[in-house]
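Counting in my numbering, the sequence shown runs from 8 upward without gaps.
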Amino acid sequence: MPRRKIIAGNWKMNMTPSEAVELIETLKPLVVNEDVDVLFCVPAIDIIPAVEAVKGSNIMIGAENMYFEDKGAFTGEISPAMLTDAGVKYVIIGHSERREYFAETDETVNKKVLKAFEYGITPIICCGETLTQREQGVTIDFIRQQIKIAFLNVTPDQAASAVIAYEPIWAIGTGKVATTQQAQEVCKAIRDCIAEIYDDAVAASIRIQYGGSVSASSAPELFAQPDIDGGLVGGASLKADFGQIVCYNK
Ligand code: PEP
Numbered sequence: 008m009p010r011r012k013i014i015a016g017n018w019k020m021n022m023t024p025s026e027a028v029e030l031i032e033t034l035k036p037l038v039v040n041e042d043v044d045v046l047f048c049v050p051a052i053d054i055i056p057a058v059e060a061v062k063g064s065n066i067m068i069g070a071e072n073m074y075f076e077d078k079g080a081f082t083g084e085i086s087p088a089m090l091t092d093a094g095v096k097y098v099i100i101g102h103s104e105r106r107e108y109f110a111e112t113d114e115t116v117n118k119k120v121l122k123a124f125e126y127g128i129t130p131i132i133c134c135g136e137t138l139t140q141r142e143q144g145v146t147i148d149f150i151r152q153q154i155k156i157a158f159l160n161v162t163p164d165q166a167a168s169a170v171i172a173y174e175p176i177w178a179i180g181t182g183k184v185a186t187t188q189q190a191q192e193v194c195k196a197i198r199d200c201i202a203e204i205y206d207d208a209v210a211a212s213i214r215i216q217y218g219g220s221v222s223a224s225s226a227p228e229l230f231a232q233p234d235i236d237g238g239l240v241g242g243a244s245l246k247a248d249f250g251q252i253v254c255y256n257k
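Encoded structure:
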C-alpha cells in the first residue's frame, strides 16, 4: 500500500492563542488536499483553541514537545495525558532546537518516544546532522546512531506507525534547502536502517519527512522522491505559502 504523505507545520515559539486561531482561519481553505495528512504542531498554550478552530476541517493539531513522565513534580512540563485529553494525536520529539537549547539527548528522545506510544500519540522523531558532520562525511553514521537509540524497545507495530523527520541542522531556518538528492539519500538510509532494526514491512510502512527550509518551490520535487513522505515545515508554515506546500501535487 502506498504511504500517505504527511505535511506538518512546526510553529515553534510563534503565535499567541488569538493569533493561532486567526492563522488557522486563514489557512483552512488553503490546505485542503485529500492525498495528504495535514498537521499543525503548535505551542502548548495554543493547543486547546487550535483544536477547537480546526473542527470540521482536514487539519490535525500536534504538539511540539512532551515530557516522558506520566505526571508529577516537573514544573513547566506537559504530560502525555494532557495532550491526549486536549485532542492531540502527534507530537514532535527531539527537534534539533530542543537538543541544542534544552539539552535533549538521544536517550531522552527514546524515553519520550516510548511514552508517546504508551498514550497512543504518534511521535514525529527528528534527526539530522550538523554542517561539520556533513563535511566530514559522517552524516549517515550519525543519523543511524540517532535512529537506533530513538527506537530502542519500540515494538515493530509502533515503529510502523511512527513518523521520522530528517532535518539537516544546517538547512533549518537558513533558507538553505538540501538538494533533492541529499534529502532522498538520507531518507533512504533511514528506511534501510529501520529495515535492519525491524524488517522490510516496517520500513515500507514508516513515514519519513524532510525538513529544512522547505518552500512552495522546493516542495514538489522533494515530496516526489521515493523515500520522502512529506515535510516538516517551520517558517513557511506560518504563511499562505503553506497552502501551496500542502497542495504540492496540484
Ligand atoms: C523546522 O523547524 O522543523 C524547520 C524545518 O524549519 P524551517 O522550515 O524554517 O527551516
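We treat Cβ as the ideally placed atom computed from N, Cα and C, and that holds for glycine.
Keep in mind that this is a model prediction, so the values were computed, not measured.
Contact check, residue i vs residue j, beta carbons under 9 Å
i: C133; j: L229; result: no
i: F47; j: I13; result: no
i: I201; j: I150; result: no
i: I176; j: C194; result: no
i: E107; j: I156; result: no
i: I131; j: A190; result: no
i: A226; j: I197; result: no
i: K119; j: Y173; result: no
i: P50; j: M20; result: yes
i: S222; j: V184; result: yes
i: P87; j: E125; result: yes
i: R10; j: A211; result: yes
i: A15; j: G250; result: no
Bridge-paired residues (DSSP) for residue i
i: F47; result: G16 and I68
i: R141; result: Paired residues: none, contrary to the question.
i: V170; result: I131 and R214
i: L239; result: A15 and G218
i: Y205; result: BP columns for Y205 are empty, so no partner.
i: I99; result: I131
Proximity test, residue i beta-carbon vs the ligand PEP heavy atom, cut-off 8 Å
i: N72; result: no
i: S225; result: no
i: I215; result: no
i: C133; result: yes
i: A178; result: yes
i: N17; result: yes
i: T91; result: no
i: G242; result: yes
i: A27; result: no
i: V221; result: yes
i: A247; result: no
i: E59; result: no
i: E76; result: no
i: L121; result: no
i: E228; result: no
i: A185; result: no
i: T181; result: yes
i: A190; result: no
i: E174; result: yes
i: L239; result: yes
i: E104; result: yes
i: G218; result: yes
Contact set for residue i: own chain, Cβ-Cβ below 8 Å, skip 5 residues either direction
i: A3; result: With the chain covering only 8 through 257, there is no way to say anything about residue 3.
i: T129; result: K96, Y97, V98, A123, S168, A169 and V170
i: A166; result: F158, I201, I204, Y205, V209 and I213
i: G182; result: S220
i: V58; result: I68, A93, G94 and V95
i: M22; result: L30, V49, P50, D53 and L245
Cβ-based neighbour list, residue i, same chain, cut-off 6 Å, excluding 5 preceding and 5 following
i: E71; result: C48 and I99
i: V116; result: I100, G101 and A157
i: R141; result: none
i: L138; result: W177
Nearest-angstrom Cβ-Cβ length linking residue i and residue j, presumed shorter than 8 Å
i: G219; j: I179; result: 5 Å
i: G241; j: N17; result: 5 Å
i: D53; j: A27; result: 4 Å
i: V43; j: I66; result: No, V43 and I66 are not in contact; Cβ-Cβ is about 11 Å, not under 8 Å.
i: G101; j: E111; result: 6 Å
i: V61; j: L121; result: With a Cβ gap of about 28 Å, V61 and L121 do not count as contacting.
i: S103; j: G135; result: 6 Å
Other residues of its chain near residue i: CB distance less than 7 Å, five sequence neighbours each side excluded
i: M89; result: none
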